[in-house]
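In this note's numbering, the protein residues as written are 1 to 394.
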């Protein structure tokens, strides 16, 4: 078993609105939007906007402004044990070191112990590789190699020895096996995964498809310095940053809570169980090209009651229909405190995520519901992205 790294540990009146995507802004923990250029982030965690300083741990999101979208032309992905996903080309593994090129970042060098998986081709949704990768709790003693060959991927167990520009070499039953790289679809390593409280404090979504979980060291107006694993730092051009999501001790994600009651009552589609930190189809939550690490995935006809046992007085989420629905879907998102309806909003496929804030003061149980719209429950892949309870600062 490869050793894990020690990581630095560093998200009323009801409001719902869509983002004005072209404006630079930050969103506080309470959901307040502060517009303005992000001038700097100091080493002691202060974000400067319009000559005012805001503590980094008091923010949920930083949006630098409109970014030009570019297609991800990279050959594949390198996924780290904390969940970071680098768009990558020229992936190499030699002498326990992984080297690749990532758009806008350049050359990246990482120890193999920091890596969870490699993917050398385009994503195959629902593939055995994807299911193995999403099975974050499944830790194996050996690596899993996925080889292309027909409609299905072939899965072979072994230990990865080397990846060069032409071949992937692995040890199987003490014999070296060689696979041409064009046939090697991906590898899920036996590296242990970091627990949620061990993962870095920020998620940087970059132009070109890279998503980096890291701790922010500083930002000087041009480059943001981050730490991604122990003793491994990198500088990322600010113009590459689309969004930064942050964690806080004042947040409790609903996907971490045990539920009091749950019910799924489909209308005409087959029954799909709701999902934690995934959309209802089991893929990462994605709304208008923005990927979220946390949240809940529902289909229409889903009702789930959560306990509100801490000092939390606000429920916050970004609601929308997942991109997996391909622009379809029409449903209503509903929040109840006991029998009292606190929030209701109709959402259609293809719309941007809407940030909602719901006052849950005095309610020890909160129920989230999704009801079907005009098209019954067809393609209602309803996401409660970043759904959390918040202790406000009031």
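All residues carry an ideal CB built from backbone N, CA and C; glycine is no exception.
Once you ignore the five residues that flank residue 96 on each side, which residues in its own chain have a CB closer than 7 Å to its CB?
-> Closer than 7 Å at Cβ, skipping near neighbours: 111, 112.
Shortest alpha-carbon distance to residue 107 belongs to which of 355, 149, 236?
-> The shortest Cα separation from residue 107 among 355, 149, 236 belongs to 236.
Within the present structure, is the beta-carbon of residue 286 separated from the nearest heavy atom of the ligand NAD by less than 7 Å?
-> Questions concerning the ligand NAD fall outside what the structure shown contains, since it holds no ligand whatsoever.
Taking buried to mean at least 16 other C-beta atoms within 10 Å of its own C-beta, is residue 364 buried or exposed?
-> The residue is exposed, with fewer than 16 neighbouring Cβ atoms inside 10 Å.
Secondary structure of residue 304, DSSP reduced to three states | In the three-state reduction of the DSSP assignment, residue 304 falls in the strand class, which pools E and B.
Can you grab the Cα-Cα spacing for the pair residue 76 / residue 88, in whole Å?
-> So the alpha carbons of these two residues sit roughly 5 Å apart.
Could you work out which residue in 59, 80, 42, 151 is closest to residue 26 when comparing CA atoms only?
-> Measuring from the Cα of residue 26, the nearest candidate turns out to be 59.
From residue 324 to residue 355, what does the alpha carbon distance come to, in whole angstroms?
-> Going from the Cα of residue 324 to the Cα of residue 355 covers about 20 Å.
Which residues DSSP lists as bridging residue 286, in chain order = Beta-bridge pairing links residue 286 to 291.
Answer with buried or exposed for residue 103, where buried requires no fewer than 16 other C-beta atoms within 10 angstroms of its C-beta.
-> Around the beta carbon of residue 103, a 10 Å sphere encloses 16 or more other beta carbons of the protein chains shown; the residue is thus reported as buried.
Expressed to the nearest angstrom, what Euclidean distance is found between the alpha-carbon atoms of residue 380 and residue 169?
-> So the alpha carbons of these two residues sit roughly 43 Å apart.
Assign residue 339 to buried or exposed, taking buried as 16 or more other Cβ atoms, counted over all protein chains shown, within 10 Å of its Cβ.
-> With fewer than 16 other CB atoms across the displayed protein chains lying within 10 angstroms of its CB, residue 339 is exposed.
Determine, using beta carbons only, whether residue 369 and residue 346 come nearer to each other than 8 Å.
-> Going by C-beta atoms, residue 369 is not nearer than 8 Å to residue 346.
Nearest-angstrom beta carbon gap, residue 234 and residue 105 [assumed within contact, 8 Å] = With a Cβ gap of about 7 Å, residue 105 and residue 234 count as contacting.
Nearest neighbour of residue 144, chosen from 158, 152, 150 [CA to CA] | Checking every option, the nearest Cα to that of residue 144 belongs to 158.
Taking the beta strand (DSSP E) that residue 102 falls in, what are its first and last residues?
-> Run containing residue 102: 97-102, per the beta strand (DSSP E) assignment.
Please state if the CB of residue 302 and the CB of residue 260 are separated by a distance shorter than 8 Å.
-> No, Cβ-Cβ distance for residue 260 and residue 302 is not below 8 Å.
Residue span of the beta strand (DSSP E) that contains residue 192, given as start and end | Per DSSP, residue 192 belongs to no beta strand (DSSP E) and is neither H nor E.
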